[in-house]
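Novice: Residue numbering for the sequence shown follows the numbering used here, beginning at 59 and increasing consecutively.
Ideal Cβ placement from N, Cα and C applies to all residues, glycine included.
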Amino acid sequence: MTNEQLEKLLSELSLEEKLGQLTQVEANFYLEHTGSDVTGPEANIGLAPDDLKLMGSVLNCVGADNCIQLQKAFMENHPHHIPLLIMQDVIHGYRTQYPVPLGLACSFNDDLTEACARMAAKEASLEGVHVTFGPMVDISRDARWGRCMESCGEDVTLTKRMGSAMVRGFVHDGGENTVASCVKHFCAYGAPEAGRDYNNVELSERTLRQTYLPGYKAALDAGARWIMPSFNSIGHLPMTANGYILKDILRDEWGFDGAIISDYNAYREIQWHGAAESMKDVAEITRHNGVDMEMMSATTFLHSKELLEEGRITMEEINTSVMRILQEKNRLGLFENPYRFADKTAAESYILSTSCRELAQQAAEESAVLLKNEGALLPFGKDMKKLALIGPFAAEKGIKGAWACAGRDEETVSVYEGIKTMLPDVEILVDAGCSYNLLNDTPIDVLTANAERAAALAKEADAVLLCIGEYQDYSGEGNSRCEIRLPLQQRILAEKVLKENPNAAVLLFGGRPQDITDIEPMARAILYMWQPGTMGGAAAARLVFGEVAPSGKLSMTFPRSVGQEPIYYAHQTTGRPVADPNIPGAPFPYTSRYLDMPTSPLYAFGYGLSYTTFEYSPVTLDTDTLTVDGTITASATVKNTGNVTAKESVQFYVRDLIGTVARPVKELKDFKKITLAPGEEIVVSFTITEEDLRYWGKDLTYGSDAGTFHAFIGPDSNTQNYAEFKLVK
Ligand code: GLC
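1) Compare the C-beta of residue 123 against all C-beta atoms of chain B and say whether one is closer than 7 angstroms.
2) Runs of 4 residues minimum, wholly inside the region 580-668: which ones carry the alpha helix (DSSP H) assignment?
3) Compare the Cα-Cα distances from residue 125 to each of 148, 188 and 657 and report the closest residue.
4) Taking the continuous beta strand (DSSP E) assigned at residue 52, which residues delimit it?
5) Going by beta carbon distance, what residues of the same chain come within less than 7 angstroms of residue 73, once the five residues before and after it are set aside?
6) Report buried or exposed for residue 112, applying the criterion of at least 16 other Cβ atoms within 10 angstroms of its Cβ.
7) What separation, rounded to the nearest whole angstrom, lies between the Cα atoms of residue 280 and residue 239?
8) Using three-state DSSP, classify residue 754 as helix, strand or coil.
9) Is any heavy atom of the ligand GLC found at a distance shorter than 6 angstroms from the C-beta of residue 520?
10) What does the Cβ neighbour count give for residue 484, buried or exposed, with the cut at 16 atoms within 10 Å?
11) Is it buried or exposed, residue 302, if we count other Cβ atoms within 10 angstroms and call 16 or more buried?
12) Please tell me whether residue 534 and residue 461 are closer than 7 angstroms, where the distance is taken between their beta carbons.
13) Could you spell out the range, first to last residue, of the alpha helix (DSSP H) harbouring residue 414?
14) Taking DSSP as the reference, what is the three-state secondary structure of residue 778?
15) Taking only the alpha-carbon atoms, compute the straight-line gap between residue 402 and residue 314 and give it to the nearest angstrom.
16) May I ask you to report which of helix, strand or coil DSSP gives residue 702?
17) Should the region 573-580 be called in touch with the region 615-629, which here means at least 3 C-beta pairs below 8 angstroms?
18) Out of 536, 444 and 706, which has the shortest C-alpha to C-alpha gap to residue 289?
19) With DSSP collapsed to three states, give me the class of residue 550.
20) Note the first and the last residue of the continuous beta strand (DSSP E) segment covering residue 287.
21) Answer yes if the region 554-566 comes into contact with the region 516-527, meaning at least three C-beta pairs across the two stretches below 8 angstroms, and no otherwise.
22) When the Cβ atoms of the region 765-777 are set against those of the region 702-717, are three or more pairs found closer than 8 angstroms?
23) Candidates 540, 636 and 779: which alpha carbon is nearest residue 252's?
24) At 4 residues or longer, what runs of the alpha helix (DSSP H) sit wholly inside the region 351-405?
25) Going along the chain, which residues of its own chain have a beta-carbon closer than 7 angstroms to the beta-carbon of residue 122, five neighbours each way excluded?
26) Can you name the start and end residues of the alpha helix (DSSP H) that residue 146 belongs to?
27) Which residue's Cα is closest to the Cα of residue 382: 682, 760, 68 and 719?
28) With hydrogens ignored, establish whether the beta-carbon of residue 97 is closer than 6 angstroms to any heavy atom of the ligand GLC.
29) Regarding residue 191 and the ligand GLC, is the C-beta to nearest heavy atom distance less than 6 angstroms?
30) Nearer than 6 angstroms: is that true of the beta carbon of residue 325 relative to any heavy atom of the ligand GLC?
31) What number of angstroms, rounded off, separates the C-alpha of residue 283 from the C-alpha of residue 317?
32) By Cβ distance below 8 angstroms, which residues in the same chain neighbour residue 434 in space, the five residues on each side in sequence not counted?
33) Leaving out the 5 sequence neighbours to the left and right, which residues in its chain are closer than 6 angstroms to residue 561 when beta-carbon positions are compared?
34) Nearest to residue 718 by CA position, among 346, 505, 756 and 482, is which residue?
35) I'd like the list of long-range same chain contacts for residue 682, defined as Cβ closer than 6 angstroms, with 5 residues on each side in sequence excluded.
36) Taking buried to mean at least 16 other C-beta atoms within 10 Å of its own C-beta, is residue 736 buried or exposed?
Here it is as structure tokens:
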């Protein structure tokens, strides 16, 4: 439709029809079996059956048949036959699941991430989905927060790059088998006080702008046409009611002209936050703050008529939001083809196809992070006769991750299945040893007996793979944890099993950084698989037996203890830095330290081992003086000094030594993933411009200072391989 036709349509709509366009409800308000679960606190939201004929959008409708049936019936009943927008959480795959985003970000592979999102968009669009509630680009620096699994981790640059890649994959060229993207959760949802989901966020304007906003802006710049305000309040003001951020920054500063959809029931929760007296007040507040569509509550639909009559909102405000919704539907071609790409036959032949599985497997392989490998214990030799596969995740198929959309555990390859398929002649002794339950519910003597039984298997085997960690349902929304250690029963199992066989490696699963300080000294090798998705077990088999070398680098810092949270590499020095972060209290008592633990993490951001070794030359610069319109090229030669071909994510960090405010000890500015054969070396270069050095200074202006900087090139955020340069003005 042309804009004139849209304007004409708008002018013909009744007030109820307009208010309906601003409301999204669960698909199960229309269909018995939608194939999807409700994703929020569903309740009767006060709509009458006739009201449902006027809605603007549905969420959680899975399956081409369901989407076509729903759309057909709905349009027949709608007075102006305006199609529904069908939206769904396609977070790390639609049916074929790739690793949770926190894991996929460890691949440091933009192209792979984009390809995964592209595959997810094709599966979803063939099944009738128009818009995904993704990517989630909330910076996550606290492992207690369960939704860090959905994020791209702690770093601004990594989040911008991975989030943009996901948007490109979803949206592509807007053509065949694409979906629109709704970036979320705007904003700073990943910084809740105490790591507790939905909690208040306290951030300075500078931290908000420097760290938490850039990821959303990058996703919008990459083509996301929707954005979702987050459940949290910022400085006690609920985000869904935050006009400063939703209007002054998002609309006025950034020029965003797309649509804003609330999170699930978040309108009504403004009242539950205690920031509005009634649902009618909520409808007024959100209207003035420019939120367009209300998800799974009906304050707009039920109270706008009175607000108009009382002059508390204007028809212009309503028309502006309705027009945005109509324009987004029009942009997707829904007026010409309300079913878009829904095609059951095509879906059945593409979904979970070999190409989808192969991509998901590659993603799982490149997301895995080798945390330890003493004496090159891994990879195991394929010529072994007997493998003890122990732990609650040895044969567990629930490793696809939370927020798995239409993904099914029964379609996931377990570790046991992966290894059995690859090495059919190896005898595999399987013993779960204990449950994966978060809280122990078994008497200690039973736990010990079970662990001893498993340890006996370990003793007789040629090698042991201990599969432990956090179950997929213990991360994700609403799943914050105070303790992020392995559950007691797993620690007992690890202690018994790991000492029985020197060839024992740990395969760790989970959706967050975990405190593995207890078992780290006992384990000669630790490979973190995250929640690796549909092909997790197949990827694990190839990694453990060396068909592919691990290349993942941590997207989020692993603490020694939850007491260190939030912990991240781009921290301040403070006025009293600890001289040696690895020695508690050294050397002077009055420093920023812990009495009982080093300040350093167990594993740093960007860290990850390989089956080979890489050597980095000192950093060289083509000039050590940067002018405002000039560039500096920083380079280092990276050499594969081992004996297997492997990938390496070369990381480029910059440190601004002096600012008008304290600056982080270093910040990731770029990264490149390379593949090197044994003995091969390559010069890896990065370009620095004045723009790269800008930050939000003392008076909250965004700019750079003349002065001294360090350019680091290295394998992780601990690197001290740098060269010094100056910016002159
Ligand atoms: C949930 C989540 C959000 C999701 C929405 C729809 O509560 O916070 O990420 O997109 O509801 O499922």
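Specialist: In short, the structure shows the following:
1) As a matter of chain content, chain B is missing from the structure shown, which is built from one protein chain.
2) Residue ranges of uninterrupted alpha helix (DSSP H) with 4 or more members, entirely inside the region 580-668 and ordered along the chain, are 594-602.
3) Translated into positions along the sequence shown, residue 125 becomes position 67. Ranked by how close their Cα comes to the Cα of residue 125, the residues 148, 188 and 657 have 188 in first place.
4) Because the chain is modelled from 59 through 787, residue 52 falls outside the range shown and cannot be assessed.
5) Here residue 73 refers to the residue found at position 15 when the sequence shown is read from its first residue. Counting only Cβ-Cβ distances below 7 angstroms, and skipping sequence neighbours, we find 363.
6) For this step, residue 112 is matched to residue 54 along the sequence shown. Classification for residue 112: buried.
7) By one-based count along the sequence shown, residue 280 stands at place 222. By one-based count along the sequence shown, residue 239 stands at place 181. Take the alpha-carbon of residue 280 and the one of residue 239: they are about 10 angstroms apart.
8) Counted from its first residue, the sequence shown places residue 754 at position 696. DSSP, read as helix, strand or coil, puts residue 754 in strand.
9) By one-based count along the sequence shown, residue 520 stands at place 462. For residue 520, the Cβ stays outside the 6 angstroms cut-off from all heavy atoms of the ligand GLC.
10) The residue given as residue 484 occupies position 426 in the sequence shown. The residue is buried, with at least 16 neighbouring Cβ atoms inside 10 Å.
11) Here residue 302 refers to the residue found at position 244 of the sequence shown. With fewer than 16 other Cβ atoms within 10 Å, it is exposed.
12) Counting from 1 along the sequence shown, the entry for residue 534 is found at position 476. Counting from 1 along the sequence shown, the entry for residue 461 is found at position 403. Going by beta carbons, residue 534 and residue 461 fall inside the 7 angstroms limit.
13) Along the sequence shown, read from residue 1 onward, the residue named residue 414 stands at position 356. Where residue 414 is concerned, the enclosing alpha helix (DSSP H) stretches over 412-425.
14) Here residue 778 refers to the residue found at position 720 of the sequence shown. For residue 778, the secondary structure class from DSSP, reduced to helix, strand or coil, is coil.
15) For the purposes of this step, residue 402 is identified with residue 344 of the sequence shown, where counting begins at 1. For the purposes of this step, residue 314 is identified with residue 256 of the sequence shown, where counting begins at 1. Using only the alpha carbons, I get a separation of about 35 angstroms.
16) Within the sequence shown, residue 702 is the residue found at index 644, counting from 1. Under the three-state reduction of DSSP, residue 702 is assigned to coil, being neither helix nor strand.
17) Output reads yes: the region 615-629 touches the region 573-580.
18) Numbered from 1 along the sequence shown, position 231 holds the residue referred to as residue 289. Checking every option, the nearest Cα to that of residue 289 belongs to 536.
19) Counting from one through the sequence shown, the residue named residue 550 turns up at place 492. For residue 550, the secondary structure class from DSSP, reduced to helix, strand or coil, is helix.
20) As a first step, residue 287 must be located in the sequence shown, where it is residue number 229. Element bounds for residue 287: 284-287.
21) Taking 8 angstroms as the limit for Cβ pairs, the verdict is that the region 554-566 does touch the region 516-527.
22) Segments in contact, yes.
23) One-based indexing of the sequence shown puts residue 252 at position 194. It is 540 whose Cα lies nearest to the Cα of residue 252.
24) Segments of the alpha helix (DSSP H) lying fully in the region 351-405: 357-367 and 373-389.
25) Here residue 122 corresponds to residue number 64 of the sequence shown, with the count starting at 1. Sequence-distant partners of residue 122 (beyond 5 residues in either direction) whose C-beta falls short of 7 angstroms from its own C-beta, in its chain, are 184, 185, 186, 400, 401, 402 and 405.
26) In the sequence shown, counting from the first residue as 1, residue 146 sits at position 88. Premise fails: residue 146 lies in the beta strand (DSSP E), 143-146, not in any alpha helix (DSSP H).
27) Within the sequence shown, residue 382 is the residue found at index 324, counting from 1. If we check each option's Cα against that of residue 382, 68 comes out closest.
28) Taking the sequence shown and counting its residues from 1, one reaches residue 97 at position 39. Of the heavy atoms belonging to the ligand GLC, at least one sits nearer than 6 angstroms to the Cβ of residue 97.
29) Your numbering for residue 191 matches position 133 in the sequence shown. Yes, the beta carbon of residue 191 sits closer than 6 angstroms to at least one heavy atom of the ligand GLC.
30) Along the sequence shown, one-based indexing puts residue 325 at 267. No; taking the cut-off as 6 angstroms, the Cβ of residue 325 has no heavy atom of the ligand GLC nearer than that.
31) Taking the first residue of the sequence shown as 1, we reach residue 283 at position 225. Taking the first residue of the sequence shown as 1, we reach residue 317 at position 259. Rounded to the nearest angstrom, the two C-alpha atoms are 7 angstroms apart.
32) As a first step, residue 434 is located in the sequence shown; it is residue number 376 there, counting from the start. For residue 434, where only same-chain residues beyond five positions count, the Cβ hits under 8 angstroms are 669.
33) Position 503 of the sequence shown, counted from the first residue, corresponds to residue 561. Cβ neighbours of residue 561 beyond the five flanking positions: 521.
34) What you label residue 718 is simply residue 660 of the sequence shown in a count that begins at 1. Looking only at 346, 505, 756 and 482, the smallest Cα-Cα distance to residue 718 is reached by 756.
35) Here residue 682 refers to the residue found at position 624 of the sequence shown. Exclusion of the five residues before and after residue 682 leaves 783 as the residues of its chain whose Cβ lies within less than 6 angstroms of its Cβ.
36) Residue 736 sits at position 678 when you count from the first residue of the sequence shown. Counting C-beta atoms within 10 angstroms of its own C-beta, residue 736 has fewer than 16 neighbours from the protein chains shown and is therefore classed as exposed.
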